[in-house]
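Numbering (my numbering), first residue to last: 2 to 435.
Think of the CB as a built atom: it goes at the ideal place given N, C-alpha and C, for glycine as much as any other residue.
This report refers to the structure that appears directly beneath it.
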C-alpha cells in the first residue's frame with residue numbers, strides 16, 4: 002500500500018470487520034501504516050463508545066515519537082505554545098523546575114523568589130500528587146498543565162522527601178513567573194559569583210549585564226570567577242555557546258554530529274569578556290544538556306577547574322520543527338561533543354575535583370541520562386537499557402539541609418555548601434585546582 006492509498010484509507014469510515022490485503026503489501030515499507038489505518042477503522046466502528054478520531058491520531062503520533070528517546074516529543078498546538086513560552090522565560094504557575102522520573106515529578110530546583118521556593122520545596126523533592134490526585138500514570142504535559150493556572154488560584158502539592166517517612170503537603174498560590182536565568186554577587190569582595198539557572202532566550206544578555214554590574218561594584222576588572230551551573234537543566238544551545246564564548250579567548254566550544262558525521266563546529270571569538278583569570282565551574286548531577294556543553298568546553302580548553310559531581314549526561318541536540326495547525330515536533334537530530342571530541346551522551350562531564358554528597362537528602366536516588374528508559378546509548382555501549390541506579394548515601398546526620406547555594410551565598414568558606422567552599426578556595430589559591 003502506498004502513502005497516497007494509506008492516507009485515503011484513513012479518511013474513510015468502513016463498516017467492514019475484515020479488510021483485504023493488497024498484493025505484495027507485506028513487502029512495502031508502509032505495510033504498518035496500512036495496519037494503523039485498519040486499527041483506526043476497527044476502533045471507530047466497533048469500540049464500545051464513540052471516539053474522537055483526531056485525539057486517537059494525536060495519541061498515535063505521540064506514541065511513535067516517544068519510541069525514539071526520552072527527549073523527542075510531538076507537541077500539539079497548545080503544548081507547543083506552552084513550550085515556546087517556557088523558552089521565553091515567562092509563564093503562570095508555582096515556579097518549580099521538574100523532570101518526570103519513576104512515575105514521580107522530581108524537583109530539579111525551585112525558581113528563586115517563586116511560591117515553591119518560599120514554601121520550602123527543595124531540589125530532590127518528589128511530587129507525588131497534585132490537588133490530591135496521584136501523578137503516577139499521567140503524562141508530564143498533563144501534570145505541568147495542572148500545576149499551572151491563573152494567578153491567585155491555589156494548588157496543593159503532595160511531596161516525598163528523602164529521610165521523611167510521611168509525605169509533606171504544600172499549598173501554593175500561583176503567580177506570574179518571570180524567570181531570571183542569571184544571578185550574581187561578590188563573595189567576600191574577592192570572587193565574582195555567577196549562577197546560570199537555565200539557558201533561555203536572553204540568557205547571554207543577562208550574563209553581560211551581570212558582568213557589567215560586578216565590574217561597576219568593584220570599580221575595576223574581574224580576576225577571579227565562579228560559574229555555578231548546578232541544577233541547570235540546559236535549554237537553548239545558541240545561548241549556552243554564547244555564554245561559554247564570554248569565558249574563552251578562542252578555540253572550539255563544541256561540535257555536533259549527525260549519524261556519525263561531523264555537521265559543524267562552533268568556535269569562540271577572541272574577545273570574551275572574562276577570557277582570563279582564575280575560574281571554577283560548579284556542576285552536579287542535575288547539570289544537564291546545554292549546561293554540560295559549557296562545562297565541557299571550559300574543561301577541555303583548560304580555562305576552568307570543574308568542581309562537583311558528575312553531570313547528568315544528556316549529550317543530544319533537539320531540533321524544534323513547526324508543523325501545520327500550530328503543532329510542533331521536538332526531535333533529537335544530533336549529538337554534541339566537547340572540543341577534544343569527548344561525547345557527553347550517557348557519560349556526562351567528570352569533574353576535576355569530585356565532591357561527594359554528605360547526606361542522603363542531597364542524592365535522593367540519583368537518576369542520570371543513562372538510567373532513563375530508551376535513552377540514546379553512549380558511543381560503544383551495547384544498547385539503551387536502563388543502567389543500575391547509583392546507591393544513595395547513608396542516613397542523614399542531624400543538622401541543616403545541605404543544598405545548592407542560592408542567589409547570594411552567605412559564607413563561601415564556612416557555610417554548608419561544600420562544593421562552593423572548595424571552589425572558592427581553588428579560585429583564591431588556597432587549594433590547587435587542575
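Beta-bridge partners of residue i, as assigned by DSSP
i, result
"residue 367", "Its beta-bridge partners do not exist; DSSP assigns none."
"residue 172", "157"
"residue 306", "281"
"residue 185", "195"
"residue 330", "75, 322"
"residue 356", "In DSSP, residue 356 forms no bridge with anything."
"residue 228", "195, 282"
"residue 200", "236"
"residue 338", "256, 344"
Same chain, Cβ closer than 8 Å to residue i, neighbours up to 5 away in sequence not counted
i, result
"residue 22", "Its pLDDT being 48, under 50, residue 22 is placed unreliably by the model, and nothing is read from it."
"residue 88", "201, 202, 236, 237"
8 Å Cβ cutoff met for residue i and residue j
i, j, result
"residue 116", "residue 96", "yes"
"residue 248", "residue 276", "yes"
"residue 212", "residue 298", "no"
"residue 197", "residue 217", "no"
"residue 377", "residue 70", "yes"
"residue 281", "residue 434", "yes"
"residue 352", "residue 310", "yes"
"residue 254", "residue 264", "no"
Where the alpha helix (DSSP H) through residue i begins and ends
i, result
"residue 89", "78–89"
"residue 425", "419–428"
"residue 204", "204–219"
"residue 253", "Careful: residue 253 lies outside any alpha helix (DSSP H), inside the beta strand (DSSP E) at 253–259."
"residue 116", "116–120"
"residue 242", "238–246"
"residue 147", "141–148"
Beta-carbon contacts of residue i that lie in its chain and below 6 Å, excluding the five residues immediately before and after
i, result
"residue 224", "278"
"residue 177", "93, 152"
"residue 102", "368"
"residue 436", "With the chain covering only 2 through 435, there is no way to say anything about residue 436."
"residue 432", "426"
"residue 290", "235, 315"
"residue 193", "215, 223, 226"
"residue 399", "Caution is warranted here: a pLDDT of 26 is assigned to residue 399, below 50, making its placement in the model unreliable, and the coordinate value is therefore given only provisionally. Hits under 6 Å: none found."
Sequence-distant residues of its chain with Cβ nearer than 7 Å to residue i (five each side left out)
i, result
"residue 369", "286, 313, 314, 349"
"residue 135", "129"
"residue 148", "94, 95, 131, 156"
"residue 154", "175"
"residue 430", "none"
"residue 61", "37"
Cβ of residue i within 8 Å of any chain E Cβ
i, result
"residue 160", "No chain E appears in the structure shown, which is made up of a single protein chain."
The beta strand (DSSP E) enclosing residue i, as first and last residue numbers
i, result
"residue 100", "97–102"
"residue 433", "Premise fails: residue 433 is in no beta strand (DSSP E) and is neither H nor E."
"residue 262", "262–268"
"residue 110", "105–111"
Near the ligand ZN: residue i beta-carbon under 7 Å from a heavy atom
i, result
"residue 297", "Only the bare structure without any ligand can be found here, which leaves the ligand ZN out of the picture."
*Say whether the stretch 230–243 touches the stretch 107–126, bearing in mind that this needs 3 or more beta-carbon pairs closer than 8 Å, one atom from each stretch.*
Result yes; three or more Cβ-Cβ pairs closer than 8 Å.
*With contact counted as at least three CB pairs below 8 Å, one residue from each stretch, are the stretch 69–89 and the stretch 321–335 in contact?*
As far as the Cβ criterion goes, the stretch 69–89 touches the stretch 321–335, which means the pair count is three or higher.
*Are the stretch 56–64 and the stretch 298–307 touching, with three or more C-beta to C-beta distances below 8 Å?*
Verdict: no, contact absent.
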